[in-house]
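Participant: Going line by line, the protein sequences match chains A and B. The numbering of the first sequence is the working numbering, which starts it at 788 and goes up by one. The numbering of the second sequence is the working numbering, which starts it at 464 and goes up by one. Cβ coordinates follow ideal geometry from the N, Cα and C atoms, glycine included. These numbers come from a predicted model, not from an experiment. Following this message is one structure expressed as structure tokens.
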Amino acid sequence: MIMKIKSILIANRGEIAVRIIRAAKSLGLKTVQVYSDADADSMAVKMADEAINIGSPMASKSYLNINLLVETAKRAKVDAIHPGYGFLSENADFADATREAGIIFIGPRGATIRKLGDKVAARQLAKEAGVPTVPGSDGRLEDLDEAIKVAKDIGYPLMVKALAGGGGKGIRIVNNEEELKTMYSVAFNEAKAIFGDGGLYIEKYIQKARHIEVQILGDGENFIHCYERECSIQRRRQKIWEEAPAIGIPEDVLDKMHKSSVELIKKVSYRGAGTVEYVYDNDTQEFYFIETNTRIQVEHPVTGMITGIDLVAEMIKIAGGMPLEIKQEDVKVKGHAIECRINAEDTTKNFMPCPGKIEKLSIPEGAGIRFDTFIYEGYTIPMYYDSLIGKLIVLGDNREDALKRLREVLRNISIEGIETTIPLHAQLAENEDVIKGSVDTQFLMKMLDSKD
Amino acid sequence: MSKIEITAPMPGVFYTKSSPDSEVYKKPGDPVRKDDIICLIEVMKTYNQIVSEHVGTFVSYEVENEELVMVGQVLAIIEVD
């Protein structure tokens, strides 16, 4: 097989642009970096073989402008576009437009992105693949009688949710049939008043929920998993700290989760790197499918650290028409990795964003320490984009060792000139529940609330 | 009667309305209550509501919609009794 990609345009910015350029260089490929007016001094621009200005600092006019990006790629005569994460990475129209321009999109086909991005279609697909989904009414309830019937099947406690709701709104937790009877009409009227639609559905309520996700790779014919990541430490649904492998989940449960993920991507003849996300019920040890992310993820380095697989390089090779060389039995877990997402935010002022100039930067170096970033001394972090400024990843022989190394690195890391979330990470690394591995998706919010 | 300046607590993009199609938060002469939203500042993908700490009457915005503002810059003026 001949690799069809010799040059790549990176349609992204920040640390992931730097990461993609590194992977492309390791494969001997030419790199073209696009940049907005706010990113002229960025590390990716300095590292790439060629850099092209795409105008406005406003992402909607530059990094999110499909026509502009495709036209720029055509003019630069690149073979492929890497979308990174965020921005247009899961935009099926962008994947299609790239393809129609005769350029390879480094990711799955537009149709696959569309299908997996549709919540209802993805849930249906998961069911067909034998992947467990959150028990519930599967859509709109007719009336209270139906709600009682479904509730008997899935058990209490459960959540009554407004069909038209979202983002945590219009949800009520019900503990027994009596509560359901009194709550139902209240929830219906409330949903009707707030959302204009009284439609309700019910779903099992998981009290101690953990976020576990499985990394997958596929070339359209061969499909493998690269084990799982634990991402339960979140603030406002944003992951703050990730680990691989997961902590204290029985071997047979994990095995089932990995196999489920592979079955699911087989169904769509998946091509590229992706992640299948699950909610894990810590009390019953059951897991349920949430969604699939059809791109490289922020937290992919923890998987890279424990398996030795360069996921970004693999997705480029797959897009270039190379068959997946790694076999399932080749994927071995060695050690334990932890990633801290370091954001330019002031933890003492309710995580207020803090863009600004990096006056001094000192990152400890050594075996098992990795810092994926785009900042350097003298660089001014623009105010227009995400507050993520770096990902600190440590690898240890086991979890205890990884935590020990992390504490040491966090004591010595120094980023001056702006406020960062490093103090929060230092606190987490010392936290008893974190050390015990006793965390769920509510953990960090509770910890932060208890301090106020 | 005295005039009070509302200043930017953070840098970012200044907005006088909640979305492009919405009405501006305040027009000259509008009453201002404590905690009324005066404007928004977008920084690093987060929208921050700037609220009034005073009771009074709205006088003017001192910055154009969608313009960049710096910390401490005067955003709006209100008149208090």
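1) First and last residue of the alpha helix (DSSP H) that includes R1198 (chain A)?
2) Count the other CB atoms, across all protein chains shown, that sit within 10 Å of the CB of Q1021 (chain A); report buried if there are 16 or more and exposed otherwise.
3) Could you spell out where the beta strand (DSSP E) holding H1045 (chain A) opens and where it closes?
4) For E1112 (chain A), report the span of its beta strand (DSSP E) as first-last.
5) Any Cβ of chain B within less than 8 Å of the Cβ of Y1172 (chain A)?
6) Going by CA-CA distance only, name the one from A:G1143, A:Y1171 and A:Q1229 that's closest to I1202 (chain A).
7) Measure the alpha-carbon distance for V961 (chain A) versus F1230 (chain A) and round it to whole angstroms.
8) At which residues does the alpha helix (DSSP H) containing D880 (chain A) begin and terminate?
9) Under a three-way DSSP split, which group does N1080 (chain A) fall into?
10) So L1211 (chain A) is in the alpha helix (DSSP H); what residue range does that whole segment cover?
11) Using a C-beta to C-beta distance shorter than 9 Å, which residues of chain A count as neighbours of K599 (chain B)?
12) Are M1092 (chain A) and A1124 (chain A) touching if we call contact CB-CB under 8 Å?
13) Look at the Cβ atom of Y872 (chain A), then the Cβ atom of I841 (chain A), and state whether they are nearer than 8 Å.
14) Measure the Cβ-Cβ separation of K814 (chain A) and A1100 (chain A) and say whether it is below 8 Å.
15) Given that a residue counts as buried once 16 or more other Cβ atoms are within 10 Å of its Cβ, and exposed if not, what is K1178 (chain A)?
16) Ignore the nearest five residues each way along the sequence and tell me which others in R1186 (chain A)'s own chain have a CB closer than 6 Å to its CB.
17) When the distance is taken between beta carbons, is D866 (chain A) closer than 8 Å to I803 (chain A)?
18) In this structure, how does DSSP classify Y1057 (chain A) when only helix, strand and coil are distinguished?
19) So, are the CB atoms of V534 (chain B) and P494 (chain B) less than 8 Å apart?
20) Can you give me the start and stop residues for the beta strand (DSSP E) that D1006 (chain A) sits inside?
21) Taking Cβ positions, are E977 (chain A) and M946 (chain A) nearer each other than 8 Å?
22) List the residues of chain A whose Cβ lies closer than 8 Å to the Cβ of G535 (chain B), in chain order.
23) Which word fits R1198 (chain A), buried or exposed, when buried means at least 16 other C-beta atoms lie within 10 angstroms of its C-beta?
24) Does chain A have any CB closer than 8 Å to the CB of M473 (chain B)?
25) Between which two residues does the beta strand (DSSP E) containing K956 (chain A) stretch?
26) Would the beta-carbon of Y992 (chain A) fall within 8 Å of that of P944 (chain A)?
27) Would A1131 (chain A) and I1205 (chain A) qualify as a contact pair, given that the criterion is a beta-carbon distance under 8 Å?
28) Within the continuous alpha helix (DSSP H) that includes A974 (chain A), where are the two ends?
Facilitator: Considering the structure as presented:
1) R1186 to N1199
2) buried
3) Looking at the DSSP string, H1045 (chain A) is not in any beta strand (DSSP E); the run it does join, the alpha helix (DSSP H), is E1038 to K1054.
4) Neither: E1112 (chain A) is in no beta strand (DSSP E) and is coded neither H nor E.
5) yes
6) A:G1143
7) 22 Å
8) A879 to E887
9) strand
10) I1209 to E1217
11) Not covered by the structure: residue 599 (chain B). The range shown for chain B is 464 to 544.
12) yes
13) no
14) The sequence shown places Leu at residue 814 (chain A), rather than the Lys named in the question. Closer than 8 Å, so yes.
15) buried
16) H1123
17) no
18) coil
19) no
20) A996 to D1006
21) no
22) Simply none; closest approach about 14 Å.
23) exposed
24) yes
25) K956 to V961
26) yes
27) yes
28) E964 to F982
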